[in-house]
Amino acid sequence: MTADGCAQLADTCARVAARTDSPGAFLRELGREAAGVRRGPLWPVDAGRGGSNRIRGRGFRRHVDDGTEGQARHFAGIVSVAVRIGPRLARWLSIHVGRDAPDSADGRLTDEALDFVRLIRSGELAPADAEAWVRSTICGGGTATPPTLRGRD
3 MTADGCAQLA DTCARVAART DSPGAFLREL GREAAGVRRG PLWPVDAGRG GSNRIRGRGF
63 RRHVDDGTEG QARHFAGIVS VAVRIGPRLA RWLSIHVGRD APDSADGRLT DEALDFVRLI
123 RSGELAPADA EAWVRSTICG GGTATPPTLR GRD
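Residue numbers (the working numbering): 3 to 155.
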């Protein structure tokens with residue numbers, strides 16, 4: 003049986019939120035723990051090579067499940083990049099460098115990650131509530147209908 007990577011991602015959100023005191027630190031640390039994107043000046047090296055699958059497994063909703071065990075890395079990697087360079091450039095890079103078509107599972111997961119960053123940075127979603135957001139928004143392998151996304155930056 004394949005591990006539930008989405009549940010592990012949600013658990014990672016809870017652990018990171020418990021020990022960070024700012025939204026930016028939470029987002030960067032989530033990228034480090036779940037996608038292997040280091041803190042400090044070498045983060046672009048890690049992000050540029052696609053990070054690493056620190057969490058393997060499935061468990062994602064169908065609309066964001068590309069059939070691989072790397073969706074937790076994809077989500078957290080996009081989060082890690084977006085918090086540093088902004089959501090517009092992160093999305094552009096995902097589409098044009100990562101070749102994630104906007105209407106693909108990876109493209110939709112990118113959009114969910116960017117919405118997550120926006121919500122955390124704006125204070126609409128506290129880091130302490132990130133675990134529940136992940137579980138209710140992107141977890142649930144097999145759920146056919148995607149939730150409605152809020153506006154983007």
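We put the beta carbon where it would ideally sit given N, CA and C, even for glycine.
Asked                                                                                                                                                                  : Found
Quick one, which of Arg-21, Arg-60, Ala-27 has its alpha-carbon nearest Gln-10's?                                                                                      : Arg-60
Please determine, among Arg-58, Gly-33, Ala-20, the residue with the shortest C-alpha to C-alpha distance to Ala-84.                                                   : Gly-33
Would Glu-133 and Ala-16 qualify as a contact pair, given that the criterion is a beta-carbon distance under 7 Å?                                                      : yes
Which value, in whole angstroms, describes the spacing of the CA atoms of Ala-5 and Arg-75?                                                                            : 14 Å
In terms of residue numbering, what span does the alpha helix (DSSP H) encompassing Thr-34 cover?                                                                      : Inspection of the sequence shows that residue 34 is occupied by Arg rather than by Thr. 25 to 37 is the span of the alpha helix (DSSP H), which, as asked, contains Arg-34.
Assign Glu-31 to buried or exposed, taking buried as 16 or more other Cβ atoms, counted over all protein chains shown, within 10 Å of its Cβ.                          : buried
Is there at least one non-hydrogen atom of the ligand GTP closer than 6 Å to the beta-carbon of Ala-37?                                                                : This structure lacks the ligand GTP; in fact it carries no ligand of any kind.
Checking the sheet assignment: what are the DSSP bridge partners for Cys-141?                                                                                          : Phe-62
Taking contact to mean 3 or more Cβ pairs, one atom from each stretch, closer than 8 Å, check whether the stretch 116 to 124 and the stretch 81 to 100 are in contact. : yes
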